Amino acid sequence: MRPLRPPRDEEEPTGGGGAPPPPPPIRHLDINIIRVGFEDFTAEDDAELANAIQVTRAIYARVRLNLRTVTFWRISVSEAAEHAIIDSAAEAEDLTWDWTVPNDALDVFVVRVMNDADGWSAVDGSCDKNSKGMTGSVVSLNGDAANSANTLAHEVGHYLGLEHIPDDGNIVGNNGSSDAFTGIHAWQGVVMRRHCFVRA
Amino acid sequence: MPDRLDDVFHASHRLPPDAASRLSADDLSRLRALATEPGRQRVPAMNALVVAGDPGVVDLLAVTLRDSGADPAVRAAWAMQLAATGRPDAEDALVRALPEAGPAVVRARIAAALARIGSPFVLDDLARLAGDPDPAVGRVGAFARHVVAYRHGMPGFEVPRPDDQDLLEVDDDHAPPMAVGRAGPEESAATLVSLRNDTFGLALSEDTGLRIDCGVRRMVFLYSQDFLRRGAGGPLRLPMMPGLIAQRGPDGSYATRLVLLAGPQDGESFHLALYRTDGYQMMAGAATIDGEGAVFELRGVGGVRNKLPALLRGRIQGGEFVLTSAAEARAVPEASHPTPDSL
Ligand SMILES: [Zn+2]
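Residue numbers (this note's numbering), protein chains in the order written: chain U, 1 to 200; chain Y, 201 to 543.
Here you go:
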C-alpha cells in the first residue's frame with residue numbers, strides 16, 4: 001500500500017490568530033449505483049442499499065462533500081452470469097473491466113453476495129473508466145444495514161483516495177476492519193475533494 | 201458476540217492472516233451455527249471456517265450447497281468456498297450437488313470450482329456443463345474441462361485456437377510502459393502464501409516467478425513446478441499448465457487473475473493460451489523450440505467484449521520466461537453498458 005498523501009493544495013482550518021478561516025466550498029460527487037443480477041434483489045436488499053446511500057451521504061456531508069446525483073442502473077441475472085457473486089479482488093476488477101456506465105460519474109457495482117471481503121475498490125481510482133485497472137467500486141450486502149452502509153462509504157472513500165488508517169470509529173479505520181464505523185476526519189475530506197470525480 | 205468473532209465480521213476485505221488462527225473451538229462452533237442460519241452472516245461465517253481450516257467445513261458446505269431452497273447467490277458462493285478449502289473431498293461434494301444445482305449461477309460456479317480442484321473423473325460432468333444451454337455455464341464448463349485436462353497432461357481436450365485475423369494489434373508507441381522482471385524467492389513465496397488455495401490445483405514454485413508492473417497494477421507469474429522441471433520441451437509432448445498470474449489487490453493480498461495453458465502443436469512448437477478465471481481466452485500464441493529453449497509470442501484475442509489488446513514476446517530458457525517485448529493498449533475497448541434503472 002502507498003503511504004498516506006498529506007493534503008497539499010487545500011488545507012483544513014488551523015485556528016491561530018484572527019478570525020477563523022472560512023470553511024472550504026462544498027464540492028459534489030455523482031455516482032452510478034449498478035445492481036448486478038437485479039432480479040434477485042429483494043425488497044430488504046433494496047432497503048439496505050437505500051440506507052447505505054443515505055448514511056454515506058450524511059458521512060460525506062460532514063466534510064462538505066455532497067453526494068449529489070445518484071443514478072441507478074441494472075445488470076440482469078443472465079447478463080451478470082457468474083459475476084452476480086464476486087469471489088476475489090481479481091473478479092471485482094473483471095466486473096469493472098466488462099461493464100461501464102457511459103457518463104462521467106463514479107461506477108459503484110452492488111452484488112448481493114461476496115466471498116472473502118465485503119467490497120473492493122481501487123485506491124485513488126482513475127476517472128477514465130475505459131482505462132485498465134479497477135475502474136469502479138464493488139460493494140456487497142454481506143452484512144447488516146449498518147455494515148453495508150460502511151462498506152459503501154469505505155469503498156467509495158478508497159476510490160476517492162483514502163487509505164486504511166488505524167483509528168477506531170473511522171470509515172476506513174481499524175486498519176480496514178471498519179465494521180459499521182461512520183467517523184470521518186476533515187483531512188480525509190480534503191483528500192477526497194481533490195479527486196477528479198469530485199466537481200466544483 | 202465474543203471479540204474474536206468481531207475480527208471475522210468487521211473485516212472489510214480479506215480476513216487478517218492471524219484472525220482465523222486465533223479462533224477457539226467455541227468460536228468455530230458459533231460460526232458453524234451462523235453459517236447454517238438464514239441471514240446475511242452466512243457467507244462471511246462460512247468463509248471464516250474455510251480460512252480457519254475447520255475440519256467439518258466440507259461436510260457443512262456439501263449439505264448447504266444442495267439446499268435447493270437456499271438463495272442461489274449464497275449457494276454459488278459456497279461452491280467457490282468448497283474449492284477454497286483445498287480438501288480432496290470437496291470435489292465429490294461439488295459433483296454430488298450438480299444434479300440439484302438449479303439456477304445458472306450455481307451451475308457456473310460449480311464448474312468454476314471444479315476447474316480449480318477437479319480430477320479427470322469430472323471430465324464427463326464438465327462435458328455436460330460445456331454443452332449447457334446457458335452461455336455462461338457453457339463457457340465456464342468448457343474452460344474447466346480444458347483446465348482439468350491440461351493440468352493432468354491429458355491430450356484430446358485442446359483449447360480453441362483463434363484465427364490470425366482475430367488476434368489484436370497493439371500500437372507499441374502509445375502503449376503504457378510495462379515493467380517485467382524476475383521475482384525472487386521472497387516475493388514468489390509471499391505471493392504463494394497470499395493465494396492460499398487459489399492455485400488452480402497447481403504445485404507452484406516458491407523459488408522464482410515473473411513480476412509484471414503495468415500502471416498501478418502489480419502481477420506475479422508463478423510457475424508450476426512441473427513446467428520448471430520439464431522446461432520448454434514439456435508442452436511439446438503433453439498439454440500442461442505452465443503457471444498462473446496472480447494480481448495484487450488493493451489490500452496487498454494476491455488473487456489469481458489469469459491461467460496459462462500450453463500443449464503440443466507440431467513437432468517443433470506448442471500452443472499457448474492465457475485465460476481469465478471466468479473462462480474467457482484473453483491471449484493466444486505459440487512457442488517454437490530452438491537450440492537454447494524456445495521463442496514465444498502471445499497476442500490479445502478479439503471477438504469478445506472484454507478483450508485485452510496486449511503483446512508479449514520472449515524466450516523460454518531453463519523453464520523460465522524472459523520477456524523481450526511487452527506492450528498493452530491503454531484502454532479496454534467496448535465495455536458493455538448497464539441498463540438505466542430506478543430503486
Ligand atoms: Zn478498505
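We put the CB at the ideal spot given by N, CA and C, even for glycine. These numbers come from a predicted model, not from an experiment.
Completely contained alpha helix (DSSP H) runs for the stretch 301-341 of chain Y, where each covers 4 or more residues
304-317, 323-330
At a CB distance below 7 Å, what residues from the stretch 113-130 of chain U approach chain Y? Give them in sequence order.
Val113, Asn115, Asp116, Ala117, Asp118, Gly119, Trp120, Ser121, Ala122, Val123, Asn130
Please check if any C-beta of chain Y sits within less than 8 Å of the C-beta of Ser88(U).
Start at 1 with the first residue of the first sequence, and residue 88(U) comes out as number 88. Ser88(U) counts as touching chain Y.
Pro217(Y) versus Asp398(Y): straight-line alpha-carbon distance, rounded
Along the second sequence, one-based indexing puts residue 217(Y) at 17. Along the second sequence, one-based indexing puts residue 398(Y) at 198. Roughly 15 Å separates the two Cα atoms.
Looking at C-alpha atoms only, which residue of Arg74(U), Ile31(U), Ala47(U), Pro24(U) is the closest neighbour of Gly37(U)?
Residue mapping note: residue 37(U) aligns to position 37 of the first sequence, counting from 1. Taking the Cα of Gly37(U) as reference, the smallest distance to any Cα among Arg74(U), Ile31(U), Ala47(U), Pro24(U) is reached at Arg74(U).
Below-8 Å beta-carbon distance, Met201(Y) vs any chain U residue
As a first step, residue 201(Y) must be located in the second sequence, where it is residue number 1. Residue confidence is low: Met201(Y) scores 49 on pLDDT, short of 50, so the model does not pin down where it sits. Its coordinate-derived value is still stated next. So, not an interface residue.
Taking Cβ-Cβ distances shorter than 8 Å, what residues in chain Y pair up with Trp99(U)?
In the first sequence, residue 99(U) corresponds to position 99, counting from 1. The answer, in chain order, is Ala535, Ser536, His537, Pro538.
In the structure shown, what three-state DSSP assignment does Leu260(Y) receive?
Translated into the one-based positions of the second sequence, residue 260(Y) becomes position 60. Here Leu260(Y) sits in helix by DSSP.
Straight-line CA distance for Leu436(Y) to Ser469(Y)?
Counting from 1 along the second sequence, the entry for residue 436(Y) is found at position 236. Counting from 1 along the second sequence, the entry for residue 469(Y) is found at position 269. Cα to Cα, Leu436(Y) sits roughly 6 Å from Ser469(Y).
Name, please, each residue of chain U whose Cβ falls closer than 7 Å to the Cβ of Ser542(Y).
Within the second sequence, the letter at position 342 stands for residue 542(Y). Chain U residues near Ser542(Y): Phe72.
Alpha-carbon to alpha-carbon, Val250(Y) and Lys507(Y):
Position 307 of the second sequence, counted from the first residue, corresponds to residue 507(Y). Position 50 of the second sequence, counted from the first residue, corresponds to residue 250(Y). If I take the Cα positions, the gap works out to 33 Å.
Going by DSSP in three states, Asn147(U) sits in which element: helix, strand or coil?
Locating residue 147(U) in the first sequence gives position 147, counting from the first residue. Here Asn147(U) sits in helix by DSSP.
My guess is that Tyr454(Y) and Ser388(Y) are in contact by the Cβ rule of under 8 Å, so how many angstroms apart are they, rounded?
Taking the second sequence and counting its residues from 1, one reaches residue 454(Y) at position 254. Taking the second sequence and counting its residues from 1, one reaches residue 388(Y) at position 188. About 11 Å; that fails the 8 Å criterion.
So which residues touch the region around ligand 1, with touch meaning a C-beta under 5 Å from any heavy atom?
Gly176(U), Ser212(Y)
Reference Asn103(U), options Asp30(U), Lys132(U), Asp144(U), closest by Cα:
Residue 103(U) sits at position 103 when you count from the first residue of the first sequence. Nearest option by C-alpha distance: Asp30(U).
Buried or exposed for Ser224(Y), please, with buried defined as at least 16 other CB atoms from any protein chain shown within 10 angstroms of its CB.
Position 24 of the second sequence, counted from the start, is the residue given in the question as residue 224(Y). Residue environment analysis places Ser224(Y) among the exposed positions, since fewer than 16 neighbouring C-beta atoms fall within 10 angstroms of its C-beta.
Expressed to the nearest angstrom, what Euclidean distance is found between the alpha-carbon atoms of Phe496(Y) and Ile516(Y)?
Looking up residue 496(Y) in the second sequence gives position 296. Looking up residue 516(Y) in the second sequence gives position 316. Roughly 7 Å between the two C-alpha positions.
Could you work out which residues of chain Y lie near Phe205(U), taking near to mean beta carbons separated by less than 8 Å?
Shown here, chain U extends from 1 to 200; a query on residue 205(U) therefore has no answer.
Helix, strand or coil for Ala529(Y)? Go by DSSP, reduced to three states.
As a working mapping, residue 529(Y) is identified with position 329 in the second sequence. The three-state secondary structure of Ala529(Y), taken from DSSP, is coil.
Nearest residue (CA-CA) to His213(Y), options His158(U), Asp46(U), Trp99(U), Glu48(U)
Along the second sequence, one-based indexing puts residue 213(Y) at 13. When only C-alpha atoms are compared, the closest one is His158(U).
Quick check on Met134(U): does DSSP put it in helix, strand or coil?
Here residue 134(U) refers to the residue found at position 134 when the first sequence is read from its first residue. It is coil, neither helix nor strand.
Less than 7 Å between C-beta atoms, sequence neighbours within five positions excluded: which residues of the same chain meet that for Met482(Y)?
As a working mapping, residue 482(Y) is identified with position 282 in the second sequence. Excluding sequence neighbours, Met482(Y) sits near Leu458, Leu474, Tyr475, Arg476, Gly500, Val501, Leu508.
Using the rule of at least 16 other Cβ atoms within 10 Å of the residue's Cβ for burial, across every protein chain shown, is Arg2(U) buried or exposed?
Within the first sequence, numbered from 1, the residue matching residue 2(U) stands at position 2. Caution is warranted here: a pLDDT of 41 is assigned to Arg2(U), below 50, making its placement in the model unreliable, and no coordinate value can be reported.
I'd like the list of long-range same chain contacts for Pro7(U), defined as Cβ closer than 7 Å, with 5 residues on each side in sequence excluded.
Mapped onto the first sequence, residue 7(U) falls at position 7. Because Pro7(U) carries a pLDDT of 48, less than 50, the predicted location of this residue cannot be relied on, and no value is offered for it.
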